[in-house]
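*Asks:* Just passing along the structure, written as structure tokens.
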Amino acid sequence: MMHRMTALIAIVLCCCTFTASSQWWKIDTPEDVSLFQVGMSINAGYVMHSGDIILPQAPTCCGGYTSAQGIGPALSLFVRQELGKAVRLTLRGTYATYDGVFEVDQAIFVTNATEGITRHTLDARLGWLGGEFLVDWRIASPVRLMLGGSAGFMSPATFSQRETLIIPGTGTFENGRRTRNEISNEMIDGMRSPLLGAVVGVGLDIPMTENHSVVLTPEVLYTFGLNDLHTTVAWKANALRVGASLAFSLNAPVPPMSVERKSETFIDSLIVDVAPDAIDRRAEGVQRVVVDTVVGEDLVTITDRMYRTDTVFRPLPPKITAAIAARAQYPDGSQKSEFVINVSTQFITEALPILPVVFFESQAISLSFRYHQVASAREFDLESVAPRTTAVHRDILNILGERMTSMSSTSIRLRGTADPTTEGGDCELARNRAQAVKNYLVRVWKIDESRITIETGTGSCAPERPTRQQSESGYSENRRVEIVPSDVRLLGSVAKRRFNEARTVDPPKIAFDPTGTSQNYITDWSLQAMSGSTVLFSQTGKGVPEAVTQTLTTAVADAMQHAQPIDVTLRVGGIRNASASATTLISVRKDTVSTELERLTLTLFDIASDQITPIAQQQIASFIENLPAGSTVIVRGFADMLGNADFNKKLSQKRADAVCGVIRANVKKRVDLQCNEIRTDRFPPGIDSYETPEERFLSRTVQIEVKRGR
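For the sequence shown, the numbering used here begins at 2 and goes up steadily by one.
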């Protein structure tokens, strides 16, 4: 019974709590009606008996029973009337169980004067039937305090009694059993009527409907017994009840219809054009709200319609223009608007040098991206290498690999170096660089590892003749791997090639004038010159374009096509994605001179040195071996334009003189030998800058040029 009642209480409280949380926002009752309600309640009761209880029908030889407890249900039907919204009256008819089990122990002597204990048990089965009158106040919505009284009687009222031998564990009474004086379900005479009580409690009203037609009230009630349950026995009982009541309002107002509220916005726009560089913005207009109510059978729909006219300030797209004019510019400062680019070309057969050095990036041990690397030997074609010294050096590893493949008896030594300033001459770094070169030749060109020797140093592994310049340009030249061949033919010049090269360009410069281009709303510009599908040159900038001067180098002239006009386009971009372009055409004429050149470029000079190596001597002797009589031989000295200009000029002349000395010692025919053409004010052939260490190394050179008729 006790477990069943506990479960019932838990279920009721959980349901009430859930309902309260889900309906909390609907707890207010309608204020215009005093509700009359009927309903029922279910409670779990806990009854506490006290007194000095000895029933006349069940006398005991010891003292009376003093206390007992019991658990049981309580059911009520009620009517309720509101007196305003704060006070209401409730009349309840209630049936509640008041069961209780009384126990008292008695010491006795059993056989042979052995001490023992018997237990007297009185099991009272009582049912209280009566009425309760309650007044409750709403002390804080939705909490209500209940006070009142009760009157009723016990029906039925029965008892059962027995005396049980507890100690000792063996043995019996004189009847041969361990129990005696047993009485079952006997009526209790002399129960008092009426039984009066005072009731106090608290409840929590939870409306289940919007109009409060159904109200659930979790409640706790406590009844104090005001008189004894029996006419001759001091016996009182108090009861605690926990449960809930469900009330139905007989006069609840008609439930309000559900209301759905919606809003709609209608915006018109008044477009006002403003200046292109003004802010694109919207100014909200004055709102006008119209309320529309539609009443349906079970739903009222209220729609708020908002009308507004905004002003949109829209910047106009700018109107921009572009203009470009080209003028020839000459060394004396004069300019011409009408001109033709004249390019003088000449057929050249050139032996391109091999620079036996591979350069590395700072702290790097992997090959630089500047070197052309292939996955297999089949991917390399020497004929596809451009006839420029820098292009040849880009493929030095592939050229070396191809030559070692065909010259199977040759070998090389690799000497890795590290910059003494930025890399501390680190020998481990130097060895790893040499190993990277070896790995490439072995992996791609299948060169036997025994043919490649890595020279390892100790202490400092800086180059034997390091670049002393304290700048990144100087440091980068010291991060390298030097290649030393067993056969000088491995580093011989690349096979001669015959090609048509630009010699002179007239005019030397072109000035581009953007006068006429818009000065307002411009954000950026670009200038590009095309010869067919080839880009000759291009420039870009921010803001309004300015005059641009472009130097026409022989490299640019080489890319020009004969009789194909150069298409020069100026494109300007503006705010609001505006754009404009202008184009001008420049005519080109290429003429080939009647003489043909043969050239040999030597790049085996050490830094600040004019000493000719044995390899260079062999190359010079081979180059002039078949010179025809009467040829003009021009020896030009170059330097890298870094450092002291006067020193570079003297060094270039010394290098040219040294080469001329070798030519005089080997030439067998009369030729016109010119040794005084020193070029320290321009790049050597095939060199466009001094940005990379290989370009600077390739600029420390002497060029032998033989001019003959075609």
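For each residue, glycine too, the CB sits at the ideal point set by N, CA and C. Being a predicted model, the structure only gives us computed values, none of them experimental.
In or out: Gly517 buried (at least 16 other Cβ within 10 Å) or exposed?
*Replies:* exposed
*Asks:* Please check the pair Pro256 and Asp281, which I expect to be a contact at CB under 8 Å, by giving their CB distance rounded to whole angstroms.
*Replies:* With 8 Å as the limit, Pro256 and Asp281 do not qualify as a contact, their Cβ atoms being about 53 Å apart.
*Asks:* Starting from the C-beta of Ala419, find all residues in its chain whose C-beta is less than 6 Å away, skip the five residues before and the five after it, and write them out in chain order.
*Replies:* Gly426, Asp427, Leu430, Ala431 and Cys462
*Asks:* Which whole-angstrom value is the C-beta distance of Ser68 and Lys237, which I expect to be below 8 Å?
*Replies:* Contact doesn't hold; Cβ gap of about 10 Å is too wide.
*Asks:* Ends of the alpha helix (DSSP H) at Leu398?
*Replies:* Ile397 to Ser407
*Asks:* Name the two residues that bound the continuous beta strand (DSSP E) containing Gly117.
*Replies:* Thr115 to Ala141
*Asks:* With distance defined between alpha-carbon atoms, name the residue in Phe360, Lys337 and Gly458 nearest to Ala512.
*Replies:* Lys337
*Asks:* When you compare the stretch 164-172 with the stretch 134-149, are there three or more beta-carbon pairs, one atom per stretch, that lie closer than 8 Å?
*Replies:* Output reads no: the stretch 134-149 does not touch the stretch 164-172.
*Asks:* Counting beta carbon pairs with one atom in the stretch 526-538 and one in the stretch 480-495, are three or more of them shorter than 8 Å?
*Replies:* At 8 Å Cβ cutoff, the stretches do not touch.
*Asks:* Using only the alpha-carbon positions, how far apart do Thr233 and Pro195 sit?
*Replies:* 15 Å
*Asks:* For the stretch 442-476, which segments carrying the beta strand (DSSP E) assignment without a break, of at least 3 residues, lie completely within its bounds, in sequence order?
*Replies:* 453-456
*Asks:* So, under 8 Å CB-CB, Val105 and Cys62 are touching, yes? Tell me the CB distance rounded to an integer number of Å.
*Replies:* Between Cys62 and Val105 the Cβ distance is about 11 Å, and since that is not below 8 Å, they are no contact.
*Asks:* With distances taken from CA atoms, which of Lys543, Arg379, Ala560 and Ala352 is nearest Arg504?
*Replies:* Selected option, being the one with the closest Cα: Ala560.
*Asks:* If you compare alpha carbons, which of Ser451, Asp269 and Glu220 is closest to Met41?
*Replies:* In terms of Cα proximity to Met41, the closest of Ser451, Asp269 and Glu220 is Glu220.
*Asks:* Does the Cβ of Phe79 have 16 or more other Cβ atoms within 10 Å, making it buried, or fewer, making it exposed?
*Replies:* Buried is the call here.
*Asks:* Straight-line CA distance for Ser270 to Gly334?
*Replies:* 60 Å
*Asks:* Is the distance from the Cβ of Ile635 to the Cβ of Gln675 below 8 Å?
*Replies:* yes
*Asks:* Which first and last residues belong to the beta strand (DSSP E) in which Leu76 is found?
*Replies:* Tyr66 to Leu84
*Asks:* With a 10 Å radius around its C-beta and 16 neighbouring C-beta atoms as the bar for buried, classify Val663 as buried or exposed.
*Replies:* buried
*Asks:* Return yes when the Cβ of Thr584 is within less than 8 Å of the Cβ of Asp568, no when it is not.
*Replies:* Closer than 8 Å, so yes.
*Asks:* Over what stretch of residues does the beta strand (DSSP E) that includes Thr171 continue unbroken?
*Replies:* Counting along the chain, Thr171 falls outside any beta strand (DSSP E), and DSSP gives it neither H nor E.
*Asks:* Quick check: the stretch 350-367 against the stretch 693-703, are at least 3 beta-carbon pairs closer than 8 Å?
*Replies:* Touching, per the Cβ criterion.
*Asks:* Helix or strand or just coil, what does DSSP make of Arg577?
*Replies:* helix
*Asks:* Round the Cβ separation of Glu478 and Pro694 to the nearest angstrom and send it over; I've been treating them as touching at under 8 Å.
*Replies:* Going by Cβ atoms, the distance from Glu478 to Pro694 rounds to 4 Å, so yes, they are a contact pair.
*Asks:* Can you give me the C-alpha to C-alpha distance between Lys320 and Asp525, rounded to a whole angstrom?
*Replies:* Taking the straight line from one Cα to the other gives about 15 Å.
*Asks:* Using a Cβ distance threshold of 8 Å, determine whether the stretch 92-101 contacts the stretch 181-192, with at least three qualifying pairs required.
*Replies:* no
*Asks:* So who's on the other strand from Met49, going by DSSP bridges?
*Replies:* Gln70 and Asn239
*Asks:* What number of angstroms, rounded off, separates the C-alpha of Val292 from the C-alpha of Leu300?
*Replies:* 16 Å
*Asks:* Which residue wins for smallest C-alpha separation from Glu716, given the options Leu537, Asn627 and Glu706?
*Replies:* For the chain, the structure presents residues 2 to 711; residue 716 sits outside this window and is missing.
*Asks:* At what residues does the beta strand (DSSP E) containing Thr311 begin and finish?
*Replies:* The amino acid occupying residue 311 in the given sequence is Asp; Thr does not appear at that position. First-last of the beta strand (DSSP E) with Asp311: Leu300 to Pro316.
*Asks:* Within 10 angstroms of the Cβ of Gly170, are there 16 or more other Cβ atoms? Answer buried if so, exposed if not.
*Replies:* exposed
*Asks:* Check Phe340 in the structure and name its three-state DSSP category.
*Replies:* In this structure, Phe340 counts as coil in the three-state DSSP scheme.
*Asks:* Give me the Cβ distance between Ala437 and Gly402, rounded to the nearest whole Å; I'm assuming they're in contact under 8 Å.
*Replies:* Not confirmed; about 14 Å, so no contact.
*Asks:* Restricting to runs no shorter than 4 residues, where is the alpha helix (DSSP H) found entirely within the stretch 339-396?
*Replies:* 390-395
*Asks:* Provide the residue(s) that pair with His231 in DSSP beta bridges, ordered along the chain.
*Replies:* Met192
*Asks:* Return the first residue and the last residue of the beta strand (DSSP E) that Ser510 is part of.
*Replies:* Residue 510 is actually Lys in this sequence, not Ser. Run containing Lys510: Lys510 to Asp514, per the beta strand (DSSP E) assignment.
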